[in-house]
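In terms of our numbering, the numbers along the sequence shown are unbroken and rise by one, the last being 171.
Written out below as structure tokens is the structure these notes cover.
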Amino acid sequence: MPYTTLVYLSRKPGMTPDAFAQYYTHSHLQLIRQLSGPAFPRLHTQHYIKRHSSSIPAAKSAIDASGYASTMSSDTDTASNENANTARNANTPAVVLLGSQAEFDYDCVATLQYDSEDAFKAFYETIQKPENWSRIIEDEENFLDRSQTRVVVLGDVVELRPLAQ
């Protein structure tokens, strides 16, 4: 039975979303793959938060640029407070359809899938070896705000597909 984790990652202050994605994909993941060898997850999928790259206020930009309303509130003062850009994303607000900018201040949700819980444990034990862990932490300082990283294990997966016509 597959074993899956979600990892929420935020870029370090001053780094652009594009530079973060490039570094994560082309440098950091290559290091993790090298250090973990055959214990690397069978699938590593990165989902990046869609962001605007302008200084348009988040509440307005989500409506104007995507065509979707970013808030359901009719109280414009409440809506603008909920959708105020965060310090990390002052010029790169997320396209938020429901919720606030602060709830989507991370940059990437990575899905790591392993063949089993034992396969996950083998990966985790490998990267936690002191000689590996120190290299990983050192590399993460180049692009991550490590204080914001979160990891959770997923449970059952239920898929719903369109009805056949």
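Yeah, the Cβ is synthetic: ideal placement off N, Cα and C, and Gly gets one too.
Remember, it's a predicted structure, so these values are computed and weren't measured experimentally.
Opposing strand residues paired with residue i [DSSP bridges]
i    : result
Y30  : Y30 is not bridged to any residue.
T51  : T117
V159 : T11
R200 : Absent from the structure is residue 200, since the part of the chain shown begins at 7 and ends at 171.
As assigned by DSSP and simplified to three states, the class of residue i
i    : result
Q40  : helix
T98  : coil
T10  : strand
Q154 : helix
L35  : helix
Proximity below 7 Å, CB of residue i to CB of residue j
i    : j    : result
R57  : A100 : yes
C114 : L12  : no
S42  : F129 : yes
Y9   : F110 : no
D121 : R48  : yes
R39  : F26  : no
H50  : L118 : yes
Discussion item. Threshold first: 3 residues or longer. Then list the beta strand (DSSP E) segments lying entirely within the segment 108 to 150, N to C.
Written reply: Counting whole runs of 3 or more residues, the segment 108 to 150 contains the beta strand (DSSP E) stretches 114 to 120.
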